[in-house]
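> So the protein sequences, as listed, match chains A and B.
First residue of the first sequence? That's 10 in our numbering, and the numbers climb one at a time after it.
First residue of the second sequence? That's 10 in our numbering, and the numbers climb one at a time after it.
All C-beta atoms, glycine included, are put in the ideal place defined by N, C-alpha and C.
Source: prediction; values computed, not measured.
There are 2 protein chains.
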Amino acid sequence: MASLTAGNRRPVRLADIAKAAGVSHGTASNVFSRPEIVREEVRERVRAAAEAMGYGGPDPKGRLLRAGKVNAIGVATAEPLSYFFEDPFARVMMAGISRACDATGAGISLVSAANNEQLAWNIQSALVDGFIVFCIEGGSRLVELARERRLPFVALDLDSEDGSVAAIGVDNIAGAGRAARHLTDLGHRRFAVLALPFADGRTGLVSAEQIRVAAYAGTRDRLTGYLQELSRVGVEASKVPVYETANDVASTKAGLETIFAADAPPTAILAMSDRMALVALEWLNARGLNVPNDVSVVGFDGVPEAAVSEPPLTTIAQPIAEMGRLAVKAILESDGPVSRHQLAVELIVRASSAPPRG
Amino acid sequence: MASLTAGNRRPVRLADIAKAAGVSHGTASNVFSRPEIVREEVRERVRAAAEAMGYGGPDPKGRLLRAGKVNAIGVATAEPLSYFFEDPFARVMMAGISRACDATGAGISLVSAANNEQLAWNIQSALVDGFIVFCIEGGSRLVELARERRLPFVALDLDSEDGSVAAIGVDNIAGAGRAARHLTDLGHRRFAVLALPFADGRTGLVSAEQIRVAAYAGTRDRLTGYLQELSRVGVEASKVPVYETANDVASTKAGLETIFAADAPPTAILAMSDRMALVALEWLNARGLNVPNDVSVVGFDGVPEAAVSEPPLTTIAQPIAEMGRLAVKAILESDGPVSRHQLAVELIVRASSAPPRG
DNA sequence: AGCAAAATTTGAATCGATCCAACGAAAGTG
DNA sequence: CACTTTCGTTGGATCGATTCAAATTTTGCT
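(1) When burial is assigned at 16 or more other CB atoms within 10 Å of the CB, is B/Asn131 buried or exposed?
(2) Would you mind working out which of B/Tyr225, B/Met285, B/Phe200, B/Asp180 sits nearest B/Ala271, comparing C-alpha positions?
(3) Rounded to a whole number of angstroms, what is the C-alpha to C-alpha distance between B/Pro320 and B/Val304?
(4) Decide yes or no for the touch test of the region 102–109 of chain B against the region 162–176 of chain A: beta carbon pairs closer than 8 Å, at least 3 of them.
(5) Quickly, what does DSSP pair B/Ala278 with across the bridge? List them, please.
(6) State the start and end residues of the unbroken beta strand (DSSP E) segment that holds B/Tyr252.
(7) Per DSSP, which residues does A/Gly227 bridge with? Please list them.
(8) Rounded to whole angstroms, how far is the Cβ of A/Pro161 from the Cβ of A/Ile340, which I believe are closer than 8 Å?
(9) Are the C-beta atoms of A/Met10 and some chain B residue less than 8 Å apart?
(10) From B/Ser361 to A/Ile82, what does the alpha carbon distance come to, in whole angstroms?
(11) Taking DSSP as the reference, what is the three-state secondary structure of B/Ser118?
(12) What are the boundary residues of the beta strand (DSSP E) that includes B/Ala273?
(13) Strictly below 9 Å CB to CB, what residues from chain A border B/Glu285?
(14) Nearest-angstrom Cα distance between A/Asn17 and B/Ser173?
(15) Would you kindly report the start and end of the unbroken beta strand (DSSP E) that includes A/Arg349?
(16) How big is the Cα-Cα spacing for B/Gly116 and B/Ala176?
(17) Going by beta carbon distance, what residues of the same chain come within less than 6 Å of B/Gly184, once the five residues before and after it are set aside?
(18) State whether the region 121–136 of chain B contacts the region 48–64 of chain B, with contact taken as three or more CB pairs (one from each stretch) at a distance under 8 Å.
(19) From this set, B/Asp96, B/Ser42, B/His197, which residue's C-alpha is nearest B/Gly311's C-alpha?
(20) So who's on the other strand from A/Ala85, going by DSSP bridges?
(21) Can you confirm whether A/Val120, when its beta carbon is compared against all beta carbons of chain B, has any partner nearer than 8 Å?
(22) Residues in the same chain with beta-carbon distance under 6 Å from A/Arg75, minus the five sequence neighbours each way, listed in chain order, please.
(23) At the level of alpha carbons, what is the spacing between A/Thr295 and A/Glu157?
(24) For the alpha helix (DSSP H) that contains B/Ile220, what are its first and last residues?
(25) Once you ignore the five residues that flank B/Phe143 on each side, which residues in its own chain have a CB closer than 6 Å to its CB?
(26) From the DSSP output, read off the bridge partner residues of B/Ala176.
(27) Would you say B/Pro206 lies against chain A (beta-carbon separation less than 8 Å)?
(28) If you draw a straight line from the alpha carbon of B/Ala135 to that of B/Arg56, how long is it in whole angstroms?
(29) Using CA coordinates, which residue listed in B/Pro89, B/Gly178, B/Thr276, B/Ala246 is at the minimum distance from A/Arg108?
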């Protein structure tokens, strides 16, 4: 019953069963791909031969070459693969992408790598019909790599103004402006900014010069949004400490230490990501500072965790799932011109912001 | 500068640039795959031709056929794709799988589908070197499909004793036993069980007969573990209501309604998943019953959410990430005999369990 | 220069299927 | 019965690369 399939390791090809069944490979192929056009008697004979020889159906590797389409989209990032399942932002985005793929029947290939060299190879050899590129850090390199494949691709959240690449992002300036406006409306006048990277590999307080030459336009735009709005109420940019982090726990805490070591510590913190904002909530609480009474905190992104933090976080919500959906659509319908979308964001007021004391 | 690559849609093949550069395909191929063995002058000529014609490097579709290896493993489930990013258990498992893949440089392909027909096709045509199959519901069909591909595959958490399929799971009997023992040690004598499905498509209190013919061995094993341990302290199996749910919010609540409608409601609940246990915590709280003082709850799985629930959940932790790691290892090193692993679980005592009142 | 050894390049074979024009046989038609 | 359709089958071409043994060119040495 168990037949000989166990130890047998020589792969069986369609041609083998065609010969065994005494038909041409063309007919054998039809038995699997369009069984209705093959005479029943022949069809059964071929199927029997396949069964007997332990043939598992046409190998997709072969079919792929003819068909051309893989029917899968690649999602690439310069982070390790586990990023997709552990980062809150990535997870929401992937959920959006998933739903769009489910709807169209496309599969998802996760492309990523520990080191940079491996990344290049992985992108070059990914079997996909197109790429969605997560541009967190090292976005430009990733985009370059994807572009070289000459497959349709969209950059998510791309920090670049290069109009020749399709990109989906949010209006960072307006979003940051909304956040700052919310705080100035509450009466705050002393601020500090927890910033995403302006360039790779450094953290710490940033100077005006460093901001001007920022590699990441997204970070710069958010800062611009903040500062524009603050200047409306007479808060000078030079008076607002901007601490650049690596968007991780350690550098965010270091930033908070620095910020609160000042003579006149801020009454409000503008964080460029919910991740940093959540770290701030924890840090402030451990430090005995009450949020929102001593310090208000406003995040950016709108990840689900922000709704259940202690206290719940006021933040700028990106339409993350919608961005994922649009990205898939852009790949699959990859028509003529490169499509660029800039989506609106929304201020969600929760309990982490309140008027300043006194 | 921008060259003619924009509107140009005719694909350029390696053979085209070989001809353009005046070399054979063999040499052209070497320029990309082993540039060091090609004379510099020739190499540059070929590269120039490639550049001029807008060639994006060797197409992996072609390479694949020769190479045989895709360098990616497929992760399959009968749920929609978003399951991978939304279900807590799946996320932890995927994180473990990701890390193992990162370490070995393999990619991940997510295979799934809305409907059953699509699923079959997706598995048949997935470009992967092996499958990791998530057996939640409909596991046996999935295993059957994967087996037909004649690729290495492992079943995670498989509810089946079929020794011919590689599987990685936990010791359900021992784990359930630990959970029950914890509660009996605390002095509990009145129990109720929230059970995972014994078979597809039904929910409600289950009879001894239904348990005996259970389709899912994992569910049966957990129940066996519970009841064995309870019988040690003289609690008869027939006195313990066992409510079969679909592991979702609605059916779990229905189960709780039924269970607590009884004359002598339980002082302790044994839930076969953290998901159900977390629903129970919420339901009990809404009902005005204090956990753990009025009712103790013990879950099963050890998802991260269980650590931060209110109150934190006592549970049986599966080594989820370790299972993922082992699964990848089993696929990539797919050596001789089918490997079956049964891992140990661990009781994690948190605040949802305490001695009964009085 | 003469010859063996080393370095490059060539081109046919292969990977595993699908597609399609052409062909043979069976069925239908006048 | 000759003649068109219809139905099924055949086998060569193709998808886009890699591989490797053999052919060719270079280099090294006396």
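Looking at the atomic coordinates:
(1) Position 122 of the second sequence, counted from the first residue, corresponds to residue 131 of chain B. Sixteen is the threshold: when 16 or more other Cβ atoms of the shown chains lie within 10 Å of the Cβ of B/Asn131, as they do, the residue is buried.
(2) As a first step, residue 271 of chain B must be located in the second sequence, where it is residue number 262. Among B/Tyr225, B/Met285, B/Phe200, B/Asp180, the Cα nearest to that of B/Ala271 is on B/Phe200.
(3) Taking the first residue of the second sequence as position 1, residue 320 of chain B is located at position 311. Taking the first residue of the second sequence as position 1, residue 304 of chain B is located at position 295. Rounded to the nearest whole angstrom, the CA to CA distance from B/Pro320 to B/Val304 is 12 Å.
(4) They do not touch, by the three-pair rule.
(5) Reading the second sequence from its first residue, position 269 is the one you call residue 278 of chain B. Per the sequence shown, the amino acid found at residue 278 of chain B is Ile instead of Ala. The bridge partners DSSP lists for B/Ile278 are B/Ala201, B/Val306.
(6) One-based indexing of the second sequence puts residue 252 of chain B at position 243. For B/Tyr252, the enclosing beta strand (DSSP E) begins and ends at 251–253.
(7) Along the first sequence, one-based indexing puts residue 227 of chain A at 218. Its beta-bridge partners do not exist; DSSP assigns none.
(8) Against the first sequence, residue 161 of chain A aligns to sequence position 152. Against the first sequence, residue 340 of chain A aligns to sequence position 331. With 8 Å as the limit, A/Pro161 and A/Ile340 qualify as a contact, their Cβ atoms being about 5 Å apart.
(9) The count along the first sequence starts at 1 and reaches residue 10 of chain A at position 1. With a pLDDT of 37 at A/Met10, under the threshold of 50, the modelled position of this residue cannot be trusted; read the value that follows with caution. A/Met10 does not count as touching chain B.
(10) In the second sequence, the residue the question calls residue 361 of chain B occupies position 352. In the first sequence, the residue the question calls residue 82 of chain A occupies position 73. Whole-angstrom Cα-Cα distance: 43 Å.
(11) Residue numbering aside, residue 118 of chain B sits at position 109 when the second sequence is read from its first letter. In the structure shown, the three-state DSSP call for B/Ser118 is strand.
(12) In the second sequence, the residue the question calls residue 273 of chain B occupies position 264. Where B/Ala273 is concerned, there is no enclosing beta strand (DSSP E), given that its DSSP letter is neither H nor E.
(13) Counted from its first residue, the second sequence places residue 285 of chain B at position 276. According to the sequence provided, residue 285 of chain B is Met. The question's Glu does not apply to it. Near B/Met285 there are no residues of chain A at all, since even the closest Cβ is about 20 Å away, more than 9 Å.
(14) Here residue 17 of chain A refers to the residue found at position 8 of the first sequence. Here residue 173 of chain B refers to the residue found at position 164 of the second sequence. Confidence in A/Asn17 is poor, its pLDDT being 47 and thus under 50, which makes the residue's placement too unreliable to answer from.
(15) On the first sequence, residue 349 of chain A is found 340 positions in, with the first residue counted as 1. DSSP places A/Arg349 in the uninterrupted beta strand (DSSP E) bounded by 349–352.
(16) Your numbering for residue 116 of chain B matches position 107 in the second sequence. Your numbering for residue 176 of chain B matches position 167 in the second sequence. Using only the alpha carbons, I get a separation of about 21 Å.
(17) Locating residue 184 of chain B in the second sequence gives position 175, where the first residue counts as 1. So the qualifying residues of the chain are Ile325, Val354.
(18) With the cut-off at 8 Å, the region 121–136 of chain B and the region 48–64 of chain B do not touch.
(19) Taking the first residue of the second sequence as 1, we reach residue 311 of chain B at position 302. Of the candidates B/Asp96, B/Ser42, B/His197, B/Asp96 places its Cα closest to the Cα of B/Gly311.
(20) As a working note, residue 85 of chain A is residue 76 in the first sequence. Answer is A/Val120, A/Val142, bridged to A/Ala85.
(21) Position 111 of the first sequence holds residue 120 of chain A. At a cut-off of 8 Å, the C-beta of A/Val120 has a neighbouring C-beta in chain B.
(22) Against the first sequence, residue 75 of chain A aligns to sequence position 66. Apart from sequence neighbours up to five positions away, no residue of its chain approaches A/Arg75 with a beta-carbon distance below 6 Å.
(23) Residue numbering aside, residue 295 of chain A sits at position 286 when the first sequence is read from its first letter. Residue numbering aside, residue 157 of chain A sits at position 148 when the first sequence is read from its first letter. Reading the sequence as shown, one finds Ala at residue 295 of chain A and not Thr. Those two C-alpha atoms are separated by around 48 Å.
(24) For the purposes of this step, residue 220 of chain B is identified with residue 211 of the second sequence, where counting begins at 1. Bounds of the alpha helix (DSSP H) holding B/Ile220 are 217–221.
(25) As a first step, residue 143 of chain B must be located in the second sequence, where it is residue number 134. Taken in chain order, the residues that qualify are Thr86, Leu165.
(26) The residue you call residue 176 of chain B lines up with position 167 of the second sequence. Paired residues: B/Ala164, B/Arg349.
(27) For the purposes of this step, residue 206 of chain B is taken as residue 197 along the second sequence, with counting starting at 1. No, B/Pro206 does not count as interfacial toward chain A.
(28) Locating residue 135 of chain B in the second sequence gives position 126, counting from the first residue. Locating residue 56 of chain B in the second sequence gives position 47, counting from the first residue. In this structure, the alpha-carbon of B/Ala135 lies about 33 Å from that of B/Arg56.
(29) Start at 1 with the first residue of the first sequence, and residue 108 of chain A comes out as number 99. Distances from the CA of A/Arg108 to each of B/Pro89, B/Gly178, B/Thr276, B/Ala246 were compared; the closest alpha carbon is that of B/Pro89.
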